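Presented below is the structure to which this report refers.
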Amino acid sequence: MRGDKEVIKKVTPMEIATYAASRYCTNGMTVFVGVGLSLLPAQLAQKTMSPDITIVYEGGSIGATPIGRVPWGIDDTVIQANAECETDVVTTLGCMAQGGRVDLTYLGAAQCDRYGNLNTTVRGHDFMRPAVRLPGSGGAHDLAVGSKNFLVIMNHRADRIVDRVDYRTSPGFCEGGRSRWKVWHMTGGGPAAVITDLAVLKPNPVNFELEIAEVHPFTTTEEVKKNTGYDIKVRPDVRETDLPGAEEIGIIREELDITGDFTGWKKLFKK
Amino acid sequence: MTTKIISLSDAVKRYVKDRMMIAGGGFPMARQITVFCKEILRQKKAGTIQVNDLFWVEPGVGFGGSLLVAEGLIDSIISTFASHERSGLSKITRDSLEKGMPRKIKWEDETNLTLNMKIMAGALNVPFIPANSGVWGDIRTTQLWDGKLPYRKNILMEDPYGSGKKVALLQALCPDLTVVHVQMADAHGNGIILGSIYYDYWFGRCGRDILLIADHIVDTNICRRFPNLVAIPGPMVSGVIPWYLGAWPTNSPGIYGQDLEHMGFFIKACNDRNNLREYLDRYVYSWEGYDDYVRLIGPDKVKILEADPARVLADPLREGILPDGKVRELLAEAKTEKTEER
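Chains as they are written, first to last, in my numbering: chain E, 1 to 271; chain U, 1 to 342.
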């Protein structure tokens, strides 16, 4: 199936990213879910290979198992209709994430730098007169500090995967090397991977700079490099990203992203 | 015991003053104090209160806060999130920050944990609280500190007990007025919250005055039967405002769901100043009293919102809900008491 031209034409880049991100969830994990695109992978994992995960939403829902429809956000009532526990933000972000009880977190970002530090606050260099105002941190900073690991899901453009972010909202590996732990005393492990619509980037084990580890089947390492804002290295063992199977595609389109807002799958059927 | 029930218009008249720091509970699409924000705008227009420069604290500047920003009543905001989530980024907030329209607001970015912990420190009456968040990054530096506002940040400290760990010292925050929307409250001010609590556990314990807006007023016996559901203790609370659908178009789990259709309509209206003006005229200024407010939402829409998957959360408590007639009696009682006080 890998590299099969017919299959590639029938899958969108964000579906590949969602599937790749979902595979980091394993049974028994406590998984924290953010807004937007990061809503999808944990739910996909729960419906396929890891039904036994506990999903946490920062507002206070723990063990949420929505029935009837897919939540459109972290404070949708459908999350609260069938949760195991309802508590507050200090418990989820503080006691759970920073207390070391969250195994994996999904985060979105507008910009990501070479060390996986994220910007979700402003574009442009003048905070007081931003070129574009973005939503802000929400709980992302707190999760990036404390979660055992986190995954970033975002679009891959030269002005998004950059050397320096316009505003440092959430910490990745800070200034590189072991600075995250040695200088800033953070408890969590930092980004396990940055999954984009073109590639999967993973940190170098020594200097913690993001490198190209996987490339989605429809593109090339050259293309990925061209769309990256810094001189990104390619891992010697770089490989093609696995494609989702018919089951996963079916769940994404028929259950999780029915409108196609997140993954854009409906565009495949437009002539 | 005297009742803490107070009408919406009396509460705004009595508690809202210019240059106040006001905190609003909920989350971008949940339990927002929308009707309270509307009432501030309405009374400002009617001339019953004089407010021009509010200091607004809200976890996510969603629907209610946006209306105040749109009418230029807010001077500074402390928040963590400027978006209506799935419904999109807040155009009103963006215009204000990017273009200074209708006025430039001062914006302070916090994270959900740091803001909540600042409120926690305020509630505990300690001057600061140490945290793991806010040690690294640009959230450390403040935009509001101008020598006049006592808003400080960026103080780190190594553990004085010798672990070597570095923490941020977050300055306590105590609003002049905190308003939280709850599903149910009794006349003593005991607030029952169903579903996620967000910031409201600590919001309900911090503020010179704390007001609740309740979808339903319940018999105190319900609090006695389910005392662990009372998230906000009565003695913390100064007033309880009965207003069914007070959080609309955001949700109030157990009572009604979010009105995404209306949110979409609102977001679209925000893209154009004329449409926004029309929206405000209709949904903020045109109605008079509770019945009118519900008529504007539409009885059919109300039925749809009430048929929400989370409605089951409130089922065990529903028998304790006081009927409308009884609530009106309580309101009338409150009115005479207040007049006698004066």
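Glycine included, each C-beta is placed from N, C-alpha and C at the ideal position.
These numbers were taken from a predicted model, which means no experiment stands behind them.
- Taking the Cα positions, ARG282 (chain U) is about 39 Å away from HIS141 (chain E).
- Look at VAL238 (chain E) here: in three-state DSSP terms it is strand.
- As DSSP reads the structure, ALA193 (chain E) sits in a beta bridge with E:LEU151.
- Within the same chain, Cβ atoms closer than 7 Å to the Cβ of GLU15 (chain E) are found at PRO244, ILE249, ILE252, THR263, TRP265, the five residues on either side in sequence being excluded.
- Remark: C-beta atoms of SER196 (chain U) and SER22 (chain E) do not approach each other more closely than 7 Å.
- Within the stretch 36-105 of chain U, the runs of beta strand (DSSP E) that reach at least 3 residues and sit entirely inside it are, in chain order, 54-60, 74-81.
- Annotation for GLN32 (chain U): GLY26, GLY62, PHE63, GLY64, ALA247, THR250 place their beta carbon closer than 6 Å to its own, counting only its chain and skipping 5 residues before and after.
- Boundaries of the beta strand (DSSP E) around VAL240 (chain U): 239-242.
- For LYS225 (chain E), the enclosing alpha helix (DSSP H) covers residues 221-226.
- When the beta-carbon positions are compared, VAL240 (chain U) and LEU212 (chain U) come within less than 7 Å of each other.
- Here THR259 (chain E) carries a coil assignment [DSSP, helix/strand/coil].
- Listed along chain U, the residues sitting closer than 9 Å to LEU93 (chain E) by beta-carbon distance are THR111, ASN112, LEU113, ASN116, SER133.
- DSSP places LYS303 (chain U) outside any beta strand (DSSP E); the residue lies instead in the alpha helix (DSSP H), whose first and last residues are 299-306.
- Excluding residues up to 5 positions away in sequence, PHE55, VAL57, PRO175, ASP176 lie with their Cβ nearer than 7 Å to the Cβ of MET21 (chain U) in the same chain.
- Shown in chain order are the members of the stretch 183-199 of chain U whose Cβ falls below 7 Å from a Cβ of chain E: GLY195, SER196, ILE197, TYR198, TYR199.
- Relative to ASP75 (chain U), the option among U:ILE105, U:LYS99, U:SER96 whose CA is nearest is U:ILE105.
- Nearest to LEU201 (chain E) by alpha-carbon distance, out of E:ASN207, E:GLU214, E:TYR57, E:GLY189, is E:GLU214.
- A distance below 8 Å between beta-carbons, with the five flanking residues on each side excluded, links GLN80 (chain E) to the following residues of its chain, in chain order: SER61, ALA64, GLU86.
- For the stretch 39-60 of chain E, the set of positions with a beta-carbon nearer than 8 Å to some beta-carbon of chain U reads TYR57, GLU58, GLY59, GLY60 in chain order.
- Per the C-alpha coordinates, the member of U:ARG86, U:GLY47, U:ILE40, U:GLY298 positioned closest to VAL69 (chain U) is U:ILE40.
- Here GLY34 (chain E) is near LEU107 (chain E), since their CB atoms are less than 7 Å apart.
- A direct Cα-to-Cα measurement between MET128 (chain E) and VAL122 (chain E) gives close to 10 Å.
- Taking 7 Å as the cut-off, the beta carbon of MET29 (chain E) is found no closer than this to the beta carbon of ILE67 (chain E).
- Leaving aside the five residues that flank LYS38 (chain U) on each side, the residues in its chain whose CB is nearer than 6 Å to its CB run, in chain order, VAL284.
- Each residue's CA atom was taken as its position, placing PRO51 (chain E) and ALA42 (chain E) some 10 Å apart.
- Annotated three-state conformation of GLU58 (chain E) is coil, per DSSP.
- Contacts with chain E (Cβ-Cβ distance below 9 Å) from the stretch 296-314 of chain U involve ASP308, PRO309, ALA310, ARG311, VAL312, LEU313, listed in chain order.
- Under the three-state reduction of DSSP, PRO249 (chain U) is assigned to coil, being neither helix nor strand.
- Excluding residues up to 5 positions away in sequence, LEU194, GLY195, ALA310, LEU313 lie with their Cβ nearer than 7 Å to the Cβ of PRO253 (chain U) in the same chain.
- In the DSSP annotation of this structure, the continuous segment of the alpha helix (DSSP H) that includes CYS270 (chain U) starts and ends at 260-270.
- Looking at the DSSP output, GLU211 (chain E) shares a beta bridge with E:LYS202, E:LYS233.
- Between the stretch 216-224 of chain U and the stretch 10-17 of chain U, the count of C-beta pairs closer than 8 Å stays below three; the two stretches do not touch.
- Within chain U, no residue has its CB atom less than 7 Å from the CB of TRP181 (chain E), the nearest being about 11 Å off.
- In this structure, DSSP gives PHE32 (chain E) an extended state, which the three-state scheme calls strand.
- Listed along chain U, the residues sitting closer than 8 Å to TRP184 (chain E) by beta-carbon distance are VAL135, TRP136, LYS166.
- Judged by DSSP in its simplified three-state form, VAL132 (chain E) adopts strand.
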